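Please read the structure below before turning to the comments.
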Amino acid sequence: MGWEQFRGNAAAVESLRRMISAARLPHSLIFSGPAGVGKFTLATMVARAVNCLDPEALRSGDFCGRCANCRAIGQLESYE
Numbered sequence: 013m014g015w016e017q018f019r020g021n022a023a024a025v026e027s028l029r030r031m032i033s034a035a036r037l038p039h040s041l042i043f044s045g046p047a048g049v050g051k052f053t054l055a056t057m058v059a060r061a062v063n064c065l066d067p068e069a070l071r072s073g074d075f076c077g078r079c080a081n082c083r084a085i086g087q088l089e090s091y092e
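The numbering used here numbers the first residue of the sequence shown as 13 and each following residue consecutively.
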């Protein structure tokens with residue numbers, strides 16, 4: 013499980029993945045754009061990657077999708 017699930021804007025996804033694996037995230041991230049482009053999905057994936065408890069996944073900038081944190085964040089339905 014991981015970033016390969018997100019389709020589109022590969023440059024932004026790869027940039028986020030590198031920042032997470034290097035533990036060099038900015039203090040805030042702004043996800044903007046028209047409805048339906050994946051802002052919430054990408055923000056949820058970033059939250060999973062940052063909070064994942066699997067050390068192997070963290071080193072690669074990915075998330076496991078199995079730990080308690082990944083599952084809890086994955087239960088979020090939508091922002092609305």
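Built from N, CA and C at the ideal position, the CB exists for glycine as well.
Only a predicted model underlies this, so the values are computations on that prediction, with no experimental measurement involved.
Check, Outcome
"Beta-carbon contacts of Arg29 that lie in its chain and below 6 Å, excluding the five residues immediately before and after", "Trp15 and Gly73"
"contact_flag[the region 79 to 90, the region 17 to 25] where n(CB pairs < 8 Å) is 3 or more", "no"
"Selection from Val62, Asp66 and Gly86 that minimises the alpha carbon distance to Ile32", "Val62"
"8 Å Cβ shell around Lys51 - same chain, five flanking residues per side excluded", "Phe43, Ser44 and Gly45"
"Separation of Arg36 from Gln17, as counted between CA atoms", "23 Å"
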